[in-house]
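Trainee: Chains as they are written, first to last, in my numbering: chain A, 65 to 296; chain B, 65 to 296; chain C, 88 to 306; chain D, 88 to 306.
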Amino acid sequence: MINKSVENVKTALEGIQNGMTLMLGGFGLCGIPENLIKEISKSNFYDFKCISANVGTDDYGLGLLIRKKKIKTMIGSYVGENEEFERQMLNKEIDVILTPMGTLAEKCRAAKMGIPAFYTPAGYGTEVAIGKEVRSFHSKKYILEEAYQADFALIKAWKGDQAGNLIFRGTAKNFNAIMCGAASTTVVEVEELVQVGELDPNQIHTPGIFVDRIFQGDSYERKIEKLTLSKP
Amino acid sequence: MINKSVENVKTALEGIQNGMTLMLGGFGLCGIPENLIKEISKSNFYDFKCISANVGTDDYGLGLLIRKKKIKTMIGSYVGENEEFERQMLNKEIDVILTPMGTLAEKCRAAKMGIPAFYTPAGYGTEVAIGKEVRSFHSKKYILEEAYQADFALIKAWKGDQAGNLIFRGTAKNFNAIMCGAASTTVVEVEELVQVGELDPNQIHTPGIFVDRIFQGDSYERKIEKLTLSKP
Amino acid sequence: MALNKNQIAKRIAQELQNGFYVNLGIGIPTLVANFVPVGIQLEFQSENGILGVGPFPDAGEEDPDIINASKETITTLGSSSFFDAATSFGMIRGKHIDLTVLGAMQVDQQGNIANWKIPGKLVKGMGGAMDLVASAKQIIVAMMHTDRQGISKLKAKCSLPLTGVGCVNRIVTDLAVVDITPEGFYLKERAPGVQIDQIIHATEGKLIVPEDVPQMQLD
Amino acid sequence: MALNKNQIAKRIAQELQNGFYVNLGIGIPTLVANFVPVGIQLEFQSENGILGVGPFPDAGEEDPDIINASKETITTLGSSSFFDAATSFGMIRGKHIDLTVLGAMQVDQQGNIANWKIPGKLVKGMGGAMDLVASAKQIIVAMMHTDRQGISKLKAKCSLPLTGVGCVNRIVTDLAVVDITPEGFYLKERAPGVQIDQIIHATEGKLIVPEDVPQMQLD
Numbered sequence: 065m066i067n068k069s070v071e072n073v074k075t076a077l078e079g080i081q082n083g084m085t086l087m088l089g090g091f092g093l094c095g096i097p098e099n100l101i102k103e104i105s106k107s108n109f110y111d112f113k114c115i116s117a118n119v120g121t122d123d124y125g126l127g128l129l130i131r132k133k134k135i136k137t138m139i140g141s142y143v144g145e146n147e148e149f150e151r152q153m154l155n156k157e158i159d160v161i162l163t164p165m166g167t168l169a170e171k172c173r174a175a176k177m178g179i180p181a182f183y184t185p186a187g188y189g190t191e192v193a194i195g196k197e198v199r200s201f202h203s204k205k206y207i208l209e210e211a212y213q214a215d216f217a218l219i220k221a222w223k224g225d226q227a228g229n230l231i232f233r234g235t236a237k238n239f240n241a242i243m244c245g246a247a248s249t250t251v252v253e254v255e256e257l258v259q260v261g262e263l264d265p266n267q268i269h270t271p272g273i274f275v276d277r278i279f280q281g282d283s284y285e286r287k288i289e290k291l292t293l294s295k296p
Numbered sequence: 065m066i067n068k069s070v071e072n073v074k075t076a077l078e079g080i081q082n083g084m085t086l087m088l089g090g091f092g093l094c095g096i097p098e099n100l101i102k103e104i105s106k107s108n109f110y111d112f113k114c115i116s117a118n119v120g121t122d123d124y125g126l127g128l129l130i131r132k133k134k135i136k137t138m139i140g141s142y143v144g145e146n147e148e149f150e151r152q153m154l155n156k157e158i159d160v161i162l163t164p165m166g167t168l169a170e171k172c173r174a175a176k177m178g179i180p181a182f183y184t185p186a187g188y189g190t191e192v193a194i195g196k197e198v199r200s201f202h203s204k205k206y207i208l209e210e211a212y213q214a215d216f217a218l219i220k221a222w223k224g225d226q227a228g229n230l231i232f233r234g235t236a237k238n239f240n241a242i243m244c245g246a247a248s249t250t251v252v253e254v255e256e257l258v259q260v261g262e263l264d265p266n267q268i269h270t271p272g273i274f275v276d277r278i279f280q281g282d283s284y285e286r287k288i289e290k291l292t293l294s295k296p
Numbered sequence: 088m089a090l091n092k093n094q095i096a097k098r099i100a101q102e103l104q105n106g107f108y109v110n111l112g113i114g115i116p117t118l119v120a121n122f123v124p125v126g127i128q129l130e131f132q133s134e135n136g137i138l139g140v141g142p143f144p145d146a147g148e149e150d151p152d153i154i155n156a157s158k159e160t161i162t163t164l165g166s167s168s169f170f171d172a173a174t175s176f177g178m179i180r181g182k183h184i185d186l187t188v189l190g191a192m193q194v195d196q197q198g199n200i201a202n203w204k205i206p207g208k209l210v211k212g213m214g215g216a217m218d219l220v221a222s223a224k225q226i227i228v229a230m231m232h233t234d235r236q237g238i239s240k241l242k243a244k245c246s247l248p249l250t251g252v253g254c255v256n257r258i259v260t261d262l263a264v265v266d267i268t269p270e271g272f273y274l275k276e277r278a279p280g281v282q283i284d285q286i287i288h289a290t291e292g293k294l295i296v297p298e299d300v301p302q303m304q305l306d
Numbered sequence: 088m089a090l091n092k093n094q095i096a097k098r099i100a101q102e103l104q105n106g107f108y109v110n111l112g113i114g115i116p117t118l119v120a121n122f123v124p125v126g127i128q129l130e131f132q133s134e135n136g137i138l139g140v141g142p143f144p145d146a147g148e149e150d151p152d153i154i155n156a157s158k159e160t161i162t163t164l165g166s167s168s169f170f171d172a173a174t175s176f177g178m179i180r181g182k183h184i185d186l187t188v189l190g191a192m193q194v195d196q197q198g199n200i201a202n203w204k205i206p207g208k209l210v211k212g213m214g215g216a217m218d219l220v221a222s223a224k225q226i227i228v229a230m231m232h233t234d235r236q237g238i239s240k241l242k243a244k245c246s247l248p249l250t251g252v253g254c255v256n257r258i259v260t261d262l263a264v265v266d267i268t269p270e271g272f273y274l275k276e277r278a279p280g281v282q283i284d285q286i287i288h289a290t291e292g293k294l295i296v297p298e299d300v301p302q303m304q305l306d
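(1) Can B:F216 and B:A246 be called in contact, C-beta distance under 8 Å?
(2) Using a Cβ-Cβ cutoff of 7 Å, what residues of the segment 175-201 of chain A are near chain B? List them in chain order.
(3) Three-state secondary structure (DSSP) at D:C245?
(4) Determine, using beta-carbon pairs with one atom in the segment 255-272 of chain B and one in the segment 178-196 of chain D, whether at least three such pairs fall under 8 Å.
(5) Decide if B:Q226 is buried, meaning its Cβ has at least 16 other Cβ atoms within 10 Å, or exposed.
(6) Apart from the five residues on each side of it in sequence, which residues of its chain come closer than 6 Å, Cβ to Cβ, to A:A76?
(7) When the Cα atoms are used, what is the spatial distance from B:E209 to A:I194?
(8) Please state whether DSSP places C:E276 in a helix, a strand or coil.
(9) For the candidate residues D:Q304, D:A289, D:A146 and D:N93, whose alpha-carbon lies nearest to that of D:S239?
(10) Between C:S133, C:M231 and C:R277, which lies nearest to C:A216 when the distance is taken from Cα to Cα?
(11) When you compare the CB of D:A243 with every CB in chain B, is at least one pair closer than 8 Å?
(12) Is the CB of D:F170 under 8 Å away from at least one CB in chain A?
(13) Given B:Y188, which residues of its chain have a CB within under 7 Å of its CB, disregarding the five upstream and five downstream residues?
(14) With C-beta atoms as the reference, is B:I273 less than 8 Å away from C:M178?
(15) In whole angstroms, give me the CA-to-CA distance for C:I200 and C:A146.
(16) Using a Cβ-Cβ cut-off of less than 7 Å, give me the residues of the segment 245-262 of chain B that come near chain C, in sequence order.
(17) Whose Cβ in chain B lies nearer than 7 Å to the Cβ of A:Q267?
(18) Give me the subset of the segment 155-180 of chain D whose CB atoms are less than 9 Å from a CB atom of chain G, sorted by chain position.
(19) Could you name the residues of the same chain whose beta carbon sits closer than 6 Å to that of A:T249, not counting the 5 residues immediately before and after it, in chain order?
(20) If you measure beta-carbon to beta-carbon, which residues of the segment 221-236 of chain B are closer than 9 Å to chain A?
(21) What three-state label does DSSP hand A:L218 in the structure shown?
(22) Which class does D:S175 belong to by DSSP, given the choice of helix, strand or coil?
(23) Pull the bridge partners of B:L208 from the DSSP assignment, please.
(24) Just reading off the alpha helix (DSSP H) that D:V220 is part of, what are its end residues?
(25) Quick one: Cα of D:L186 to Cα of D:I127, how far?
(26) Ordered along the chain, which non-local residues of its own chain (more than five positions away) have a Cβ less than 8 Å from that of C:N256?
(27) Does the beta-carbon of D:V125 have 16 or more other beta-carbons within 10 angstroms, so that it is buried, or is it exposed?
(28) CA-CA distance, C:G181 and B:R173?
(29) Cα separation between A:T163 and A:V143?
(30) Kindly list, in the order they appear in chain A, the residues whose Cβ is closer than 7 Å to that of C:T250.
(31) Check whether the Cβ of A:Y206 lies closer than 8 Å to any Cβ atom in chain B.
(32) Considering only the beta carbon of each residue, do A:T121 and A:N146 sit closer than 8 Å?
(33) On the three-pair Cβ rule with 8 Å, is the segment 170-186 of chain B touching the segment 230-244 of chain D?
(34) How big is the Cα-Cα spacing for C:G253 and B:G166?
(35) Compute the beta-carbon to beta-carbon distance between D:A173 and B:I161, rounded to the nearest angstrom, for a pair I have assumed lies under 8 Å.
(36) Confirm, please, whether the CB-CB distance from C:F122 to C:K97 is below 8 Å.
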């Protein structure tokens, strides 16, 4: 067994540097790597290029890095729900690259799986296609998209073992499962770190080979962004 | 709930025709769609183009279709372990297209996921690359591979529910999980068909949307191709 | 009389068929789930990673790990499954989703759609819209026939940045059901009590008006 | 004296490092698993879809659903996981596998490898070999220095159809450990008791022989 567990969030982030490209799992506030984000927000590092579906809220998730002006370039799909981000975007304090959500997902998956580039129909005929190769297959038009290249992937899973095997929960699987292994170094925080042998090999969502470091987070707020109930 | 269950193997194969392209899950004899293959071997249909990692043994798996000379073209990765197949190949009674195993897997996955083509390094500089586009990304050479197009995917899973949700077991996941949904019609046989609600949504390997028809197979031989024991 | 949002959703719900996998965008499309006809078996997909979207939870049953693409708390059904975003958009790109319903700022008579960006205004991103319109088997747009200034949203040519090209099949507005054909917009139904002249007036693109334009049946 | 197959495997096992994910081909490479040095923690991957390959099962414990890429029954370990073939080759193509050991018919001084096809003879297919050689971080070839006719398998240029180009890092044969360098083959170690002249004679490609060529340490 290859032991991937590290002591805490600090050791998990060793090697991070100014200007690096970070992939961050999560959709909205669901499945975000809470402890890793908080640690980076407290650090002196800045000028990150971040790849993430969304940008958190004003006071949580990626919003913590945005408030501290640590993000220079944001690659995302939907960047609403965060006023400070909007302010920085309008003032051109932050570069924003908007990407169709499925293309963003597939570019992460491609990076993980060693596919340098692929064709997708999403964005053909729109400004997303500008500067990209267009090609027809079976008389439908597609554009060429390349895999991302990132330095760190910051991942949140539900359970994990010391070998780095992961299980996600509910829709928190979202971008976590595909970004895991898509960067030079993949760091995973879990709600529960279990002993090797406790997870059924048939139920592991992400094998430990895609994980470089794993630790159990100190605490989880698991915030709900939009509480909607059957009887309001 | 959309009910995907059909009565038996006969109804599961409705619409199959001479000359169609079939994808078949399994690796060696592990996870092969036993009941579907037997039913086709008993049918009057022939001239199939088959996409499968291997070709079974002389007396089981795809070997049953080969003995009946039902396969006109075989797309596979490793076609050993079957003498009758070798005979037909040497006599040019069967066309064989050999494909790197990872490329075969990714071409199935691409078909399932609506990716028309992708680049892979496998086969660059070899005869596999003949006639294919070569392109450099980050100064490494890759070749362009296109998604498969198939009429039927024949899949074996361990458990499934009426909505078509699937769970695989062990290394029988192999090509089953990726071929599922990669053809115009996907037919799945399971060892155990359970009621909707019995499977944990977190443990489903393949969501029912990738399945068109599902049934519980009459019997499973689950043959072992090479028994290897700790103390021989 | 022009339809309200719930009536638009109700009309769209008539397009639902047995066995459909459906993706609903935010706004009016979300309301379609409230009007699934009796006897129709279908599943709703949400592109953040769930198939088999259940109703909102009862108080105390909400789970931060179970949300839809609008980030609202939801519940599961017996048939539900969770998956990652690459698989989710594989379902969409691979044409496994039968029907996508989404809102729009403009649709033109070539079936082009614009619904993500207004130059000069704050842009929040396309989310999954570009993937959905590029790949769904069938796309229905739910929107008002005109904007608040009374300007038609059914254009000869979209003036806003596009989300997708030649992809919309049908538009359901407060005034009419309009199909996209190779010849242009085709008036299929009118809202109860709405005059054809009013629809023609509210449509900037070329509108083909057949002799008989039935009223929508909403009850 | 020339090494036997187990000794070749034993020498290759010295290349194993802590934390390595390793894929072993059939033949001599499979034997490497028997010689993992004490204290080295690693995992074996089999490309049909398992990470953490365990030993062969005891009689009665064999499971038809748990096999390796050679189709042999195996067991799992506490750290094992199962996955589909696209994920499995994603591990390979994405350079998550640290070391691949495989056999070959020929290797040339450019690091090209031929191990899947002999023209005119029955061809069984490349299996996962082309994916493995195109993507592994480090590739070690295990083979005899010459074939049964005494013809060198370390070529100036492969004459057989290639499996991959410029990919082999190191060759361990019954006679020597040879590295591939931009200048050609480089003689790194010789089998105990084997004379350098014998290795030179058995090597068709350009072989760089340094002043001091240590003997392999096998015990």
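Glycine included, each C-beta is placed from N, C-alpha and C at the ideal position.
Mentor: A quick look at the data gives this:
(1) If you number the second sequence from 1, residue 216 of chain B lands on position 152. If you number the second sequence from 1, residue 246 of chain B lands on position 182. No.
(2) I179, P180, A181, F182, Y183, T184 and F201
(3) Numbered from 1 along the fourth sequence, position 158 holds the residue referred to as residue 245 of chain D. Of the three classes helix, strand and coil, the one that applies to D:C245 here is coil, per DSSP.
(4) no
(5) For the purposes of this step, residue 226 of chain B is identified with residue 162 of the second sequence, where counting begins at 1. B:Q226 comes out buried.
(6) Working through the first sequence from its first residue, we reach residue 76 of chain A at position 12. Correct list, in chain order: V70, V251, R277 and F279.
(7) For the purposes of this step, residue 209 of chain B is identified with residue 145 of the second sequence, where counting begins at 1. For the purposes of this step, residue 194 of chain A is identified with residue 130 of the first sequence, where counting begins at 1. Near 24 Å, if we compare the C-alpha coordinates of A:I194 and B:E209.
(8) Counting from 1 along the third sequence, the entry for residue 276 of chain C is found at position 189. The answer is strand: DSSP assigns C:E276 an E or B state.
(9) One-based indexing of the fourth sequence puts residue 239 of chain D at position 152. That would be D:A289, whose Cα lies nearest to the Cα of D:S239.
(10) Position 129 of the third sequence, counted from the first residue, corresponds to residue 216 of chain C. Closest option to C:A216, Cα to Cα, is C:S133.
(11) Taking the fourth sequence and counting its residues from 1, the one referred to as residue 243 of chain D is at position 156. Judged by the 8 Å Cβ criterion, D:A243 is not in contact with chain B.
(12) Translated into the one-based positions of the fourth sequence, residue 170 of chain D becomes position 83. Answer yes: the Cβ-Cβ gap between D:F170 and chain A drops below 8 Å somewhere.
(13) Here residue 188 of chain B refers to the residue found at position 124 when the second sequence is read from its first residue. If we look at B:Y188 and ignore the five residues flanking it on each side, its Cβ neighbours are V198, K205, Y206 and I207.
(14) The residue labelled residue 273 of chain B in the question sits at position 209 within the second sequence. The residue labelled residue 178 of chain C in the question sits at position 91 within the third sequence. Yes, the Cβ-Cβ distance between B:I273 and C:M178 is below 8 Å.
(15) Position 113 of the third sequence, counted from the start, is the residue given in the question as residue 200 of chain C. Position 59 of the third sequence, counted from the start, is the residue given in the question as residue 146 of chain C. If I take the Cα positions, the gap works out to 38 Å.
(16) G245, V260 and G261
(17) The count along the first sequence starts at 1 and reaches residue 267 of chain A at position 203. Here the neighbours are Q267.
(18) As a matter of chain content, chain G is missing from the structure shown, whose protein chains are A, B, C and D.
(19) In the first sequence, residue 249 of chain A corresponds to position 185, counting from 1. Closer than 6 Å at the Cβ level, and outside the excluded window around A:T249, lie F216 and D276.
(20) W222, I231, F232, R233 and G234
(21) Looking up residue 218 of chain A in the first sequence gives position 154. Note: A:L218 maps to strand in three-state DSSP.
(22) Walking along the fourth sequence from the start, residue 175 of chain D turns up at place 88. Helix, per DSSP.
(23) Sequence index remark: in the second sequence, residue 208 of chain B carries index 144 (1-based). B:Y183, per the DSSP bridge assignment.
(24) By 1-based counting over the fourth sequence, the position of residue 220 of chain D is 133. A216 to S222 is the extent of the alpha helix (DSSP H) around D:V220.
(25) Within the fourth sequence, numbered from 1, the residue matching residue 186 of chain D stands at position 99. Within the fourth sequence, numbered from 1, the residue matching residue 127 of chain D stands at position 40. Using only the alpha carbons, I get a separation of about 14 Å.
(26) Sequence index remark: in the third sequence, residue 256 of chain C carries index 169 (1-based). So the list reads G198, Q225, I226, I227, D266 and I267, once near-sequence residues are dropped.
(27) For this step, residue 125 of chain D is matched to residue 38 along the fourth sequence. Answer is exposed; the Cβ neighbour count stays below 16.
(28) Locating residue 181 of chain C in the third sequence gives position 94, where the first residue counts as 1. Locating residue 173 of chain B in the second sequence gives position 109, where the first residue counts as 1. Roughly 10 Å separates the two Cα atoms.
(29) Against the first sequence, residue 163 of chain A aligns to sequence position 99. Against the first sequence, residue 143 of chain A aligns to sequence position 79. The straight-line gap from Cα to Cα measures roughly 11 Å.
(30) Along the third sequence, read from residue 1 onward, the residue named residue 250 of chain C stands at position 163. Simply T190.
(31) Taking the first sequence and counting its residues from 1, one reaches residue 206 of chain A at position 142. Yes, contact with chain B.
(32) Reading the first sequence from its first residue, position 57 is the one you call residue 121 of chain A. Reading the first sequence from its first residue, position 82 is the one you call residue 146 of chain A. Yes, the Cβ-Cβ distance between A:T121 and A:N146 is below 8 Å.
(33) no
(34) For the purposes of this step, residue 253 of chain C is taken as the residue at position 166 of the third sequence. For the purposes of this step, residue 166 of chain B is taken as the residue at position 102 of the second sequence. Approximately 35 Å, taken between the alpha carbons.
(35) Against the fourth sequence, residue 173 of chain D aligns to sequence position 86. Against the second sequence, residue 161 of chain B aligns to sequence position 97. Going by Cβ atoms, the distance from D:A173 to B:I161 rounds to 19 Å, so no, they are not a contact pair.
(36) Taking the third sequence and counting its residues from 1, the one referred to as residue 97 of chain C is at position 10. Taking the third sequence and counting its residues from 1, the one referred to as residue 122 of chain C is at position 35. Taking 8 Å as the Cβ cut-off, C:K97 and C:F122 qualify as a contacting pair.
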